[in-house]
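Asker: The structure follows.
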Amino acid sequence: MTISRREVLFLSLLGLLAGASYFVTSHLVRGPELLVMPGWVPFLPVLTVPYLLQVVVSYVLAMYIADRARRHALFKAYFLSLAIVFAMWTVHPTEMLRPDAPPGWWNWPYAVMARTDLPLHIWPAGHILMPVLLIWACWYERRDWLWWLVPAQIVGAVGIATTWQHRPVDILLGACIAFACGLVFRVQAPGAARAPSRASE
Numbered sequence: 010m011t012i013s014r015r016e017v018l019f020l021s022l023l024g025l026l027a028g029a030s031y032f033v034t035s036h037l038v039r040g041p042e043l044l045v046m047p048g049w050v051p052f053l054p055v056l057t058v059p060y061l062l063q064v065v066v067s068y069v070l071a072m073y074i075a076d077r078a079r080r081h082a083l084f085k086a087y088f089l090s091l092a093i094v095f096a097m098w099t100v101h102p103t104e105m106l107r108p109d110a111p112p113g114w115w116n117w118p119y120a121v122m123a124r125t126d127l128p129l130h131i132w133p134a135g136h137i138l139m140p141v142l143l144i145w146a147c148w149y150e151r152r153d154w155l156w157w158l159v160p161a162q163i164v165g166a167v168g169i170a171t172t173w174q175h176r177p178v179d180i181l182l183g184a185c186i187a188f189a190c191g192l193v194f195r196v197q198a199p200g201a202a203r204a205p206s207r208a209s210e
């Protein structure tokens with residue numbers, strides 16, 4: 010079943026609202042705990058583009074999950090996990106200072122991001138939520154995507170850390186939150202959730 014235009018519009022508006030909420034709340038943070046990136050994590054601003062693409066493209070690709078029940082389970086899990094992450098940001102605000110952009114025209118995406126995205130909301134990572142849920146859903150429905158999707162998401166996840174957006178432990182915690190919320194809404198088998206009602210008919 011293909012997604013309707015109304016659903017695309019609704020999900021797009023929700024995504025824009027989530028993004029706007031992120032930027033608004035980051036300007037309301039008071040007294041954040043200062044975190045430090047582990048010394049073994051390199052600084053690779055050139056990976057800003059894969060990281061930013063991961064954030065946007067993962068959300069769009071999730072709309073191509075054809076099974077309506079699985080698609081709805083995916084987005085419900087995403088917004089529940091996002092709500093949990095927002096709550097954790099509010100209860101325990103965190104900050105991690107990032108390096109300045111090094112010279113070189115190829116680093117301009119990082120320079121723009123560093124100016125517009127405050128170094129806050131570090132623990133846990135919200136950027137990894139949709140990539141985890143998307144790969145999970147694709148395992149059941151679009152396995153032919155996985156040969157390129159999994160490597161692309163790994164590069165994006167590495168970019169999250171090496172652009173100093175989040176520490177590896179923050180990314181791992183975000184992935185665990187996404188997985189837990191996916192279990193709540195049965196991303197793994199929405200068809201099985203409908204089976205009893207079919208049998209009763």
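When we follow the numbering used here, the leftmost residue of the sequence shown carries the number 10, and every step to the right adds one. Every residue, glycine too, gets a C-beta built ideally from N, C-alpha and C.
(1) Work out the CA separation of F84 and A71 for me, nearest whole Å.
(2) Could you check the C-alpha separation between I144 and T99 for me, to the nearest Å?
(3) How big is the Cα-Cα spacing for P54 and H175?
(4) Excluding the 5 residues preceding and the 5 following L182 in the sequence, name in chain order all residues of the same chain whose CB lies nearer than 8 Å to its CB.
(5) Which residues in the same chain as Y87 place their Cβ atom closer than 7 Å to its Cβ, once the five residues preceding and following it in sequence are excluded?
(6) Taking V17 as the reference, which of I74, L155 and P111 has the closest Cα?
(7) Nearest to P8 by CA position, among W173, F188 and A198, is which residue?
(8) Between R107 and A82, is the Cβ-Cβ spacing less than 7 Å?
(9) Can you say whether P41 is buried or exposed, counting buried as having 16 or more other CB atoms within 10 angstroms of its CB?
(10) Can the beta-carbon of I163 be found closer than 7 Å to that of I180?
(11) Consult DSSP for L61 and reduce its assignment to one of helix, strand or coil.
(12) Have a look at T103 and T57 and give me their C-alpha separation to the nearest angstrom.
(13) Who are E212's beta bridge partners in DSSP?
(14) Based on Cα-Cα distance, which residue from L192, A187 and V167 lies nearest to L61?
(15) Starting from the Cα of D109, find the closest Cα among T125, V94, H101 and M97 and give me that residue.
(16) Note down the Cα distance separating A204 from T11, rounded to an integer number of angstroms.
(17) Would you mind reading off the limits of the alpha helix (DSSP H) that contains Y149?
(18) What is the residue span of the alpha helix (DSSP H) that G165 lies within?
(19) Taking the C-alpha atoms as reference points, what is the distance between L25 and C147?
Answerer: According to the data block:
(1) Looking up residue 71 in the sequence shown gives position 62. Looking up residue 84 in the sequence shown gives position 75. Spanning the two alpha carbons is a distance of roughly 8 Å.
(2) Here residue 144 corresponds to residue number 135 of the sequence shown, with the count starting at 1. Here residue 99 corresponds to residue number 90 of the sequence shown, with the count starting at 1. Taking the straight line joining both Cα atoms gives about 28 Å.
(3) The residue given as residue 54 occupies position 45 in the sequence shown. The residue given as residue 175 occupies position 166 in the sequence shown. Distance between the alpha carbons of P54 and H175: 13 Å.
(4) The sequence position of residue 182 within the sequence shown is 173, counting from 1. So the list reads W132, P133 and A134, once near-sequence residues are dropped.
(5) Taking the sequence shown and counting its residues from 1, the one referred to as residue 87 is at position 78. Same-chain partners within the cutoff: L138, M139 and L142.
(6) Numbered from its first residue, the sequence shown carries residue 17 at position 8. For V17, the nearest C-alpha among the options comes from I74.
(7) This structure does not reach residue 8, given that the chain is present from 10 up to 210, and the question cannot be answered.
(8) Position 98 of the sequence shown, counted from the start, is the residue given in the question as residue 107. Position 73 of the sequence shown, counted from the start, is the residue given in the question as residue 82. Here R107 is not near A82, since their CB atoms are 7 Å or more apart.
(9) Here residue 41 corresponds to residue number 32 of the sequence shown, with the count starting at 1. Burial of P41 is indicated by the presence of at least 16 other C-beta atoms within 10 angstroms of its C-beta.
(10) Indexing the sequence shown from 1 puts residue 163 at position 154. Indexing the sequence shown from 1 puts residue 180 at position 171. Against a cut-off of 7 Å, the Cβ pair of I180 and I163 comes out as no contact.
(11) The sequence position of residue 61 within the sequence shown is 52, counting from 1. Look at L61 here: in three-state DSSP terms it is helix.
(12) Locating residue 103 in the sequence shown gives position 94, where the first residue counts as 1. Locating residue 57 in the sequence shown gives position 48, where the first residue counts as 1. C-alpha separation (whole angstroms): 21 Å.
(13) Nothing can be reported for residue 212: it is not among the residues displayed for the chain, which extend from 10 to 210.
(14) What you label residue 61 is simply residue 52 of the sequence shown in a count that begins at 1. The shortest C-alpha separation from L61 is found at V167.
(15) Here residue 109 is taken as the residue at index 100 of the sequence shown, counted from 1. That would be T125, whose Cα lies nearest to the Cα of D109.
(16) In the sequence shown, counting from the first residue as 1, residue 204 sits at position 195. In the sequence shown, counting from the first residue as 1, residue 11 sits at position 2. Because the pLDDT of A204 is 38, which lies under 50, any placement of that residue in the model is unreliable, and the question is left without a value.
(17) Taking the first residue of the sequence shown as 1, we reach residue 149 at position 140. First-last of the alpha helix (DSSP H) with Y149: L138 to E150.
(18) As a first step, residue 165 is located in the sequence shown; it is residue number 156 there, counting from the start. Start and end: L155 to T171.
(19) What you label residue 25 is simply residue 16 of the sequence shown in a count that begins at 1. What you label residue 147 is simply residue 138 of the sequence shown in a count that begins at 1. Looking at the backbone, the Cα of L25 and that of C147 are separated by about 23 Å.
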